[in-house]
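Novice:
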């Protein structure tokens, strides 16, 4: 007898979900290469004309640039401050660990809409002019908990005895971090940074509130959609998706790499060789 | 009180975790070039003391003085001591050579000198040619040898070893003991060695410090602790021992008349001078078994409850009526044939080969 009975119903639901998940994405990518202005079937042929059109638009390149700047600044700031914060979190005395973790990770549960409104109110209140800087600050607030989630897990799993060994061998706390801690966790930290970049790059809701007069890629898509609907939208979406997926892949590769080197170091050979 | 002369002096160190004293007023003088072991069951405070010397723990009270300098408040990285940990703590992102060179690099030793010293350290632990290997390419014993080289290459004033062999198989452990003795002889360094394995302590040390519940129970050369334990705990923990409750009836000219299990025996009095309850410490290997009562010496009669062949001898459990515990006996295998289970034997020993401890 078969251990598990497969119901055709389950299979149908699975296929149905997958189609709903991926079909729109496939359509978007496919029609970004369409040779006519039509956004729907029948598909008449491949062309790069929409790509040429989009990339020659000053508005688009400006938005792309802005997105890259914001995501770049956000991820670098997150890498530095986030690593410091994660390092600090692993050294919180046990009885404060839970409350501190709640404070740090609570923003994960806050809706973007709420975060956007409160940041806008805050910036207006302190009379801070809305610009790409406010967007970067807002994005930092938004991506930090995600970064910390990865970075803290990486640092938590380090053997504290290794750091003690380094101190014992004469390394000051800073040298311990640079020579022993960092070399072991940098792939994971870089993975978390790519994640931060990706999250910032396609963030829309919070950006919408705090951006002022500038534009980022998601903002540009949104405003274009309000004017006309032509395949250039598909092109921009495809670019956005490619960057984001690419960064997730980078994040994944670094994470796997970090995991593998860690695991190897934990398994000494069993017998004298 | 001679604090100035000791190489490492631990003066009245107390360390509390909450209300529990892991170390309770511990004082110890360690001489230059000595191999001293801190021996005790887990949780007795021996590792805490080692970490106090390394600087990882700042004791609640007391001082640590190294070569005349008070280092109690000096952080670990500024102390001229190095440690070998229980588990391997080789840096996984560095190879063996870089691991050993770690301390020298931080100390700013120039490259050529560094290479020479690392090669020397590798030779000391007999791992010539292992420099380019990574820690995951080494066996447990090799890992600890590298850890030893990594610590010794810095020429520490004191080398601390925290149960460095406890994670190894017995066979490799025995080989490593020989290696450690050799390395200690060749370097002349001061070793402070923590272990819960009394056999290891007896085999390695110039002096053994027996710990129990955060206090020092006894300090002395292995032979002395073995022959003359100061407490039932020390007697049981160092070597095997039968610790029997006796009643001292009279002490006279270095000999004591005691009642043990209903019969009266005459044994060496040792340090005990007063009559009253006492412990009789009887090492299993000083006991002789015979089929008939001997001519002199204390004697008890019992039945063989268990016998095991140990290669060099036999190990017995003898039931003596009126004794609560079975008597442990180790005999040489000379005769070849052990006493059979259930057979009646006479247990004797030389009067001077047992010791008495006051019982309160």
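Chains as they are written, first to last, in the working numbering: chain W, 1 to 273; chain H, 1001 to 1360. Where a beta carbon is used, it is the ideal one built from N, C-alpha and C, also for glycine.
Out of H/1156, H/1123, H/1252 and H/1193, state which residue places its alpha-carbon closest to the alpha-carbon of residue 1166 of chain H.
Specialist: Residue mapping note: residue 1166 of chain H aligns to position 166 of the second chain, counting from 1. Comparing Cα-Cα distances from residue 1166 of chain H to each of H/1156, H/1123, H/1252 and H/1193, the minimum goes to H/1193.
Novice: Measure how close the beta-carbons of residue 254 of chain W and residue 191 of chain W come, nearest whole angstrom, since I'm counting them as under 8 Å.
Specialist: By one-based count along the first chain, residue 254 of chain W stands at place 254. By one-based count along the first chain, residue 191 of chain W stands at place 191. Between residue 191 of chain W and residue 254 of chain W the Cβ distance is about 3 Å, and since that is below 8 Å, they are a contact.
Novice: Between residue 246 of chain W and chain H, is there a C-beta pair that is closer than 7 Å?
Specialist: Reading the first chain from its first residue, position 246 is the one you call residue 246 of chain W. Not closer than 7 Å to any Cβ of chain H, the Cβ of residue 246 of chain W fails to qualify, so no.
Novice: Answer yes or no: do residue 1100 of chain H and residue 1149 of chain H have a C-beta to C-beta separation smaller than 7 Å?
Specialist: Here residue 1100 of chain H corresponds to residue number 100 of the second chain, with the count starting at 1. Here residue 1149 of chain H corresponds to residue number 149 of the second chain, with the count starting at 1. Contact: yes.
Novice: Please report the straight-line C-alpha distance between residue 271 of chain W and residue 1197 of chain H, rounded to a whole angstrom.
Specialist: Looking up residue 271 of chain W in the first chain gives position 271. Looking up residue 1197 of chain H in the second chain gives position 197. Residue confidence is low: residue 271 of chain W scores 44 on pLDDT, short of 50, so the model does not pin down where it sits. Its coordinate-derived value is still stated next. One C-alpha to the other measures close to 22 Å.
Novice: In the stretch 183-197 of chain W, which residues sit with their C-beta less than 7 Å from some C-beta in chain H, listed in chain order?
Specialist: Cβ contacts with chain H: 183 and 184.
Novice: Taking buried to mean at least 16 other C-beta atoms within 10 Å of its own C-beta, is residue 1160 of chain H buried or exposed?
Specialist: To locate residue 1160 of chain H, count along the second chain from 1; it is residue 160. Classification of residue 1160 of chain H: buried, given that the 10 Å Cβ count is 16 or more.
Novice: Given residue 1306 of chain H, which residues of its chain have a CB within under 6 Å of its CB, disregarding the five upstream and five downstream residues?
Specialist: As a working mapping, residue 1306 of chain H is identified with position 306 in the second chain. If we look at residue 1306 of chain H and ignore the five residues flanking it on each side, its Cβ neighbours are 1317.
Novice: How is residue 187 of chain W classed by DSSP in three states: helix, strand or coil?
Specialist: Counting from one through the first chain, the residue named residue 187 of chain W turns up at place 187. In this structure, residue 187 of chain W counts as helix in the three-state DSSP scheme.
Novice: What does a CB cutoff of less than 8 Å around residue 290 of chain W pick up in its chain, not counting 5 residues either side in sequence?
Specialist: With chain W running from 1 to 273 in the structure shown, residue 290 of chain W is simply not present.
Novice: Can you tell me whether residue 1163 of chain H is buried or exposed, with buried defined as 16 or more other CB within 10 angstroms of its CB?
Specialist: Position 163 of the second chain, counted from the start, is the residue given in the question as residue 1163 of chain H. With 16 or more other Cβ atoms within 10 Å, it is buried.
Novice: Kindly indicate which residue of H/1006, H/1038, H/1013 and H/1328 has the alpha-carbon position closest to the one of residue 1218 of chain H.
Specialist: In the second chain, counting from the first residue as 1, residue 1218 of chain H sits at position 218. It is H/1038.
Novice: Taking residue 1299 of chain H as part of the beta strand (DSSP E), name the residues at either end of that continuous run.
Specialist: The sequence position of residue 1299 of chain H within the second chain is 299, counting from 1. First-last of the beta strand (DSSP E) with residue 1299 of chain H: 1299-1309.
Novice: What do you reckon, are the CB atoms on residue 1269 of chain H and residue 1255 of chain H nearer than 7 Å?
Specialist: Taking the second chain and counting its residues from 1, the one referred to as residue 1269 of chain H is at position 269. Taking the second chain and counting its residues from 1, the one referred to as residue 1255 of chain H is at position 255. For residue 1269 of chain H and residue 1255 of chain H, yes; Cβs fall inside 7 Å.
Novice: Could you run through the stretch 132-164 of chain W and flag, in chain order, every residue whose CB is less than 8 Å away from some CB of chain H?
Specialist: Cβ contacts with chain H: 159, 161, 162 and 164.
Novice: Sorted by chain position, which residues of the same chain lie with C-beta nearer than 6 Å to residue 34 of chain W's C-beta, five sequence neighbours on each side aside?
Specialist: Taking the first residue of the first chain as 1, we reach residue 34 of chain W at position 34. Excluding positions up to five away in sequence, the list reads 231.
Novice: Please go through the same chain and pick out, in chain order, the residues whose beta-carbon is closer than 8 Å to the beta-carbon of residue 1102 of chain H, but skip the five residues on each side of it.
Specialist: Position 102 of the second chain, counted from the start, is the residue given in the question as residue 1102 of chain H. Contacts found: 1091, 1094 and 1150.
Novice: Runs of 4 residues minimum, wholly inside the stretch 107-167 of chain W: which ones carry the alpha helix (DSSP H) assignment?
Specialist: 112-125 and 132-156, all fully within the stretch 107-167 of chain W.
Novice: Once DSSP output is grouped into helix, strand and coil, what is the label at residue 1106 of chain H?
Specialist: Mapped onto the second chain, residue 1106 of chain H falls at position 106. In the structure shown, residue 1106 of chain H sits in a helix (DSSP, three-state: H, G or I).
Novice: Ordered along the chain, which non-local residues of its own chain (more than five positions away) have a Cβ less than 7 Å from that of residue 1349 of chain H?
Specialist: Residue 1349 of chain H sits at position 349 when you count from the first residue of the second chain. Closer than 7 Å at the Cβ level, and outside the excluded window around residue 1349 of chain H, lie 1282, 1286, 1287, 1288, 1297 and 1298.
Novice: Measuring CB atoms only, is the stretch 210-226 of chain W touching the stretch 73-89 of chain W, in the sense that at least three cross pairs come out at less than 8 Å?
Specialist: With the cut-off at 8 Å, the stretch 210-226 of chain W and the stretch 73-89 of chain W do not touch.
Novice: Looking at the strands, I want to know which residues DSSP matches up with residue 1268 of chain H.
Specialist: What you label residue 1268 of chain H is simply residue 268 of the second chain in a count that begins at 1. Residue 1268 of chain H pairs with H/1255.
Novice: Interface residues of chain H around residue 202 of chain W at Cβ under 8 Å?
Specialist: For this step, residue 202 of chain W is matched to residue 202 along the first chain. Within chain H, no residue comes near residue 202 of chain W; the closest Cβ sits about 34 Å away, beyond 8 Å.
Novice: Can you give the beta carbon distance from residue 89 of chain W to residue 100 of chain W, rounded, assuming they're within the 8 Å contact cut?
Specialist: As a first step, residue 89 of chain W must be located in the first chain, where it is residue number 89. As a first step, residue 100 of chain W must be located in the first chain, where it is residue number 100. The pair is a contact, with the Cβ atoms about 7 Å apart (cut-off 8 Å).
Novice: Within a Cβ cutoff of 7 Å, which residues of the same chain sit near residue 1087 of chain H, ignoring the five residues on either side of it in sequence?
Specialist: Working through the second chain from its first residue, we reach residue 1087 of chain H at position 87. Same-chain partners within the cutoff: 1167.
Novice: Using three-state DSSP, classify residue 1338 of chain H as helix, strand or coil.
Specialist: Taking the second chain and counting its residues from 1, the one referred to as residue 1338 of chain H is at position 338. In the structure shown, residue 1338 of chain H sits in coil (DSSP, three-state: anything other than H, G, I, E or B).
Novice: May I ask you to report which of helix, strand or coil DSSP gives residue 1009 of chain H?
Specialist: Reading the second chain from its first residue, position 9 is the one you call residue 1009 of chain H. Three-state DSSP puts residue 1009 of chain H in a strand.
Novice: Name, in chain order, the residues that DSSP records as bridge partners for residue 1218 of chain H.
Specialist: Numbered from its first residue, the second chain carries residue 1218 of chain H at position 218. H/1210.
Novice: So residue 1106 of chain H contacts chain W; which residues on that side make the cut at Cβ distance below 9 Å?
Specialist: For the purposes of this step, residue 1106 of chain H is taken as the residue at position 106 of the second chain. 166, 169, 170, 171, 172, 175 and 179, listed in chain order.
Novice: Indicate the three-state DSSP secondary structure (helix, strand or coil) for residue 218 of chain W in the structure shown.
Specialist: Taking the first residue of the first chain as position 1, residue 218 of chain W is located at position 218. Residue 218 of chain W falls in the helix class under three-state DSSP.
Novice: Measuring only between beta-carbons, confirm whether residue 1093 of chain H sits less than 7 Å from chain W.
Specialist: For the purposes of this step, residue 1093 of chain H is taken as residue 93 along the second chain, with counting starting at 1. Judged by the 7 Å Cβ criterion, residue 1093 of chain H is in contact with chain W.
Novice: Excluding five sequence neighbours on each side, which residues of the same chain lie with their C-beta closer than 6 Å to the C-beta of residue 251 of chain W?
Specialist: On the first chain, position 251 is the one that residue 251 of chain W refers to. Hits under 6 Å: 191, 194 and 195.
Novice: Check this for me: beta carbons of residue 1243 of chain H and residue 1232 of chain H, under 7 Å apart or not?
Specialist: Along the second chain, read from residue 1 onward, the residue named residue 1243 of chain H stands at position 243. Along the second chain, read from residue 1 onward, the residue named residue 1232 of chain H stands at position 232. A contact, by the Cβ cut-off of 7 Å.
Novice: If the cut is a Cβ gap below 9 Å, which residues of chain W does residue 1277 of chain H touch?
Specialist: As a first step, residue 1277 of chain H is located in the second chain; it is residue number 277 there, counting from the start. Neighbours of residue 1277 of chain H on chain W: none; closest Cβ ~47 Å, over 9 Å.
Novice: State the start and end residues of the unbroken alpha helix (DSSP H) segment that holds residue 1079 of chain H.
Specialist: As a working note, residue 1079 of chain H is residue 79 in the second chain. Where residue 1079 of chain H is concerned, there is no enclosing alpha helix (DSSP H), given that its DSSP letter is neither H nor E.
Novice: Rounded to a whole number of angstroms, what is the C-alpha to C-alpha distance between residue 210 of chain W and residue 166 of chain W?
Specialist: Position 210 of the first chain holds residue 210 of chain W. Position 166 of the first chain holds residue 166 of chain W. Their Cα atoms are separated by approximately 45 Å.
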